[in-house]
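See structure below.
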Amino acid sequence: MLAASAKENHLPTVVFLCGKMERFQPTVFTFSTVMDGLCIERKVNEAVKLFAEMDETGIVPTINTYSIIIKGYSIIGDLDAAVKMLKELEENGPHPNVVTYNTVINAFCKQGMLKEGLVVFSGMLKKGIEPNLYTYNILLEAFYEQRMLCRAEAMIVRMKQQRIKFNVAWDEAVIAISR
1 MLAASAKENH LPTVVFLCGK MERFQPTVFT FSTVMDGLCI ERKVNEAVKL
51 FAEMDETGIV PTINTYSIII KGYSIIGDLD AAVKMLKELE ENGPHPNVVT
101 YNTVINAFCK QGMLKEGLVV FSGMLKKGIE PNLYTYNILL EAFYEQRMLC
151 RAEAMIVRMK QQRIKFNVAW DEAVIAISR
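For the sequence shown, the residue numbers in the UniProt record's numbering are 1 to 179.
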């Protein structure tokens, strides 16, 4: 019920349920669910406070928990804080996964900062993290938006080499660029 309320962005219910759970020890899932709801509502400072509280209670955050906070920073446009947390993870762990990197790459691309997004993408590759379809979708969309069709075509070639299958949304674009 907690997760469903958070996904529906119904924070009063989430807070109520957490209050009713006083005799139960919250888990990393509980904290992460509430933090995700807060970030979606753009209440990132509250999510960060909850993140600190989680640490104080001895509950170890997962990479998913960190990714939620990074997503929150990205939602409010605080890319410096998102990158800072990403670098801390790269240095101290838990190590970022493709979802974490995608969050930062997407944030840069949505802000029109493709160059910075590509720097993060390059760093991801250097760390041995393989891009997934979502990574490629983010970059292809950014290449198309900035009319960088040669870069998009090179990315499509890379996808084919990795046997990444296109989703339906890109089929027509791939056919058009291949002509």
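Glycine included, every Cβ here is placed at the ideal spot set by N, Cα and C. Being a predicted model, the structure only gives us computed values, none of them experimental.
Tell me whether residue i sits in a helix, a strand or coil according to DSSP, three-state version.
i, result
"residue 120", "helix"
"residue 159", "helix"
"residue 164", "coil"
"residue 145", "helix"
"residue 153", "helix"
"residue 27", "coil"
"residue 128", "coil"
Counting only the same chain and skipping the five closest in sequence on each side, list residues whose C-beta sits under 6 Å from that of residue i.
i, result
"residue 94", "63"
"residue 134", "102"
"residue 142", "109 and 114"
"residue 117", "105, 108 and 109"
With a CB to CB cut of under 8 Å and the five nearest residues on each side skipped, what residues in its chain are close to residue i?
i, result
"residue 127", "90, 95 and 96"
"residue 113", "79"
"residue 55", "61"
"residue 129", "96, 97, 98 and 101"
"residue 121", "101, 105, 131, 135 and 139"
"residue 44", "38, 69, 72, 73, 75, 76 and 78"
"residue 46", "38"
Sorted by chain position, which residues of the same chain lie with C-beta nearer than 7 Å to residue i's C-beta, five sequence neighbours on each side aside?
i, result
"residue 82", "70, 73, 74, 104 and 107"
"residue 42", "75 and 76"
"residue 146", "114"
Around the C-beta of residue i, are 16 or more other C-beta atoms found within 10 angstroms, so that it is buried, or is it exposed?
i, result
"residue 86", "buried"
"residue 34", "buried"
"residue 16", "With a pLDDT of only 49 at residue 16, under the threshold of 50, the placement of this residue in the model should not be trusted, and no figure is reported."
"residue 165", "exposed"
"residue 157", "exposed"
"residue 52", "exposed"
"residue 32", "buried"
"residue 100", "buried"
"residue 67", "buried"
"residue 27", "exposed"
Report yes if the C-beta of residue i is less than 7 Å from at least one heavy atom of the ligand SAM; otherwise report no.
i, result
"residue 159", "Of the ligands one can find in the structure shown there are none, so the ligand SAM has no counterpart to examine."
Ordered list of alpha helix (DSSP H) runs contained in the segment 41–125, each at least 4 residues: 44–56, 63–75, 79–92 and 98–110
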